[in-house]
């Protein structure tokens with residue numbers, strides 16, 4: 066009788082395990098074949114529990130492997146989508162270097178994605194263009210600094226470099242042409258102003274003021290021969306005056 070009871074108990078336990086195994090298998094299979102990405106974790110859980118009961122079931126193990134593979138693909142796809150979305154946000158905000166990083170990460174997960182490839186190409190083109198535009202801007206600012214120091218020749222030569230830059234726009238060239246014309250006019254005006262001031266100061270005997278004004282005129286235009294000749298005369302007069310004062314002290 067005791068042996069019979071044990072057999073009945075074993076049979077009931079086996080039946081429960083059979084029922085549980087069948088339920089787990091059916092639930093896992095249903096989750097896997099549902100086509101719903103969010104149910105893949107459920108499929109993996111059911112097949113893993115089923116294989117605890119029936120570890121030798123090859124079909125269940127194949128289904129488990131398929132579920133794991135699909136979930137991995139799903140995670141890669143979700144990661145790719147996230148990287149692509151982040152890249153597009155950076156692109157729209159003109160943060161092209163940061164966008165490139167995100168698009169390259171996305172391409173490692175989806176190498177053949179045409180949309181991401183196009184975005185990456187646009188980013189690289191705009192980074193290159195931005196670097197070229199920065200060079201144009203740097204050159205323009207270099208000319209501005211020279212102009213402020215009244216180094217008009219240097220300013221004009223600097224701005225003329227922009228006219229020959231391949232990445233300078235027609236608007237850039239028109240702008241620097243205007244600045245060059247202004248620099249030429251200011252150079253002519255200031256060199257004459259300082260020369261006249263030097264000439265009048267020399268005539269009035271204000272030799273140090275004359276020398277300073279004439280030196281400024283030559284700084285603006287080193288080829289101003291009248292200013293150079295007058296400066297030589299002024300220096301000679303200053304030297305003669307200094308010598309005369311020295312002789313008085315003897």
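Residue numbers (our numbering): 66 to 315.
Glycine is no exception: its CB is placed at the ideal position from the N, C-alpha and C atoms.
| Item | Value |
| --- | --- |
| Within 8 Å, strictly: CB atoms of residue 263 and residue 278 | yes |
| Residue environment, residue 239, which counts as buried when at least 16 other CB atoms sit within 10 Å | exposed |
| Backbone secondary structure at residue 119 - three-state DSSP | coil |
| Nearest-angstrom Cβ-Cβ length linking residue 282 and residue 256, presumed shorter than 8 Å | 5 Å |
| Residue 316 in three-state terms, based on DSSP | Coverage of the chain is limited to positions 66 through 315, which leaves residue 316 absent and any answer about it impossible. |
| Proximity of residue 219 and residue 211 at Cβ, strictly below 8 Å | yes |
| Length of the line joining the Cα atoms of residue 242 and residue 261 | 29 Å |
| Member of 120, 306, 251 whose CA lies at the smallest distance from the CA of residue 286 | 251 |
| CB of residue 106 within 8 Å of CB of residue 136, strictly | yes |
| Straight-line gap, residue 192 to residue 113 (C-alpha atoms, nearest Å) | 50 Å |
| Own chain, CB closer than 6 Å to residue 132, minus 5 neighbours either side, in chain order | 97, 105, 108, 109 |
| Sequence-distant residues of the same chain with beta carbon closer than 7 Å to residue 226, five excluded per side | 204 |
| C-alpha gap between residue 214 and residue 244, whole angstroms | 15 Å |
| Residue 190 versus residue 155 - alpha carbon distance | 15 Å |
| Range of the contiguous alpha helix (DSSP H) that encloses residue 207 | 179–213 |
| Buried versus exposed call for residue 117 [16 or more other C-beta atoms within 10 Å across all chains shown] | exposed |
| Segments of 4+ residues assigned as alpha helix (DSSP H) that fall wholly inside the stretch 105–163 | 105–118, 123–157 |
| Nearest-angstrom Cα separation, counted from residue 90 out to residue 122 | 11 Å |
| For residue 231, three-class secondary structure by DSSP | coil |
| Three-state secondary structure (DSSP) of residue 286 | coil |
| Residue from 216, 253, 202, 289 whose Cα sits closest to the Cα of residue 228 | 202 |
| Simplified DSSP assignment, three categories, for residue 249 | helix |
| Residue 290 versus residue 259: straight-line alpha-carbon distance, rounded | 14 Å |
| Among 181, 159, 127, 129, nearest to residue 150 - alpha-carbon criterion | 181 |
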